[in-house]
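A.B. asks: Sharing a structure with you now.
Residue numbers (my numbering): 61 to 144.
This is the structure:
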């Protein structure tokens, strides 16, 4: 699965909304990590290591959302924003 920066940034926005509403510190931690990697990728878009770190951070964020039973809310938020 390919993770584009746009998709990762959209996930970041939606995950932040879900984590804030649930006050979920685990998700907020994963969000912070993803945000940091996205910022590094903006500094050097051709760096394959940074892109891989973004991909890994997205996977960890989705895993944490699943473990916290917040994945359904996250998927719904992303779907709603895609339709709007």
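Beta carbons are placed, not taken as given, at the ideal position from N, Cα and C, and that holds for glycine. Remember, predicted model here, so these are calculated numbers, not experimental data.
Could you check if residue 94 is buried or exposed, using at least 16 other CB atoms within 10 Å of its CB as the buried criterion?
C.D. replies: buried
A.B. asks: For residue 82 and residue 75, what's the separation of their Cα atoms in angstroms?
C.D. replies: 10 Å
A.B. asks: Does DSSP classify residue 113 as helix, strand or coil?
C.D. replies: helix
A.B. asks: Whole angstroms are fine: how far does the CA of residue 125 sit from the CA of residue 114?
C.D. replies: 16 Å
A.B. asks: Could you compute how far the alpha carbon of residue 89 sits from the alpha carbon of residue 67?
C.D. replies: Distance from the CA atom of residue 89 to the CA atom of residue 67, rounded to whole angstroms, is 19 Å.
A.B. asks: Just how far apart, CA to CA, sit residue 117 and residue 108?
C.D. replies: If you take the alpha carbons of residue 117 and residue 108, they lie about 14 Å apart.
A.B. asks: Taking the alpha-carbon positions, what's the residue 100 to residue 110 distance?
C.D. replies: One C-alpha to the other measures close to 7 Å.
A.B. asks: What's the C-alpha gap between residue 78 and residue 119?
C.D. replies: 17 Å
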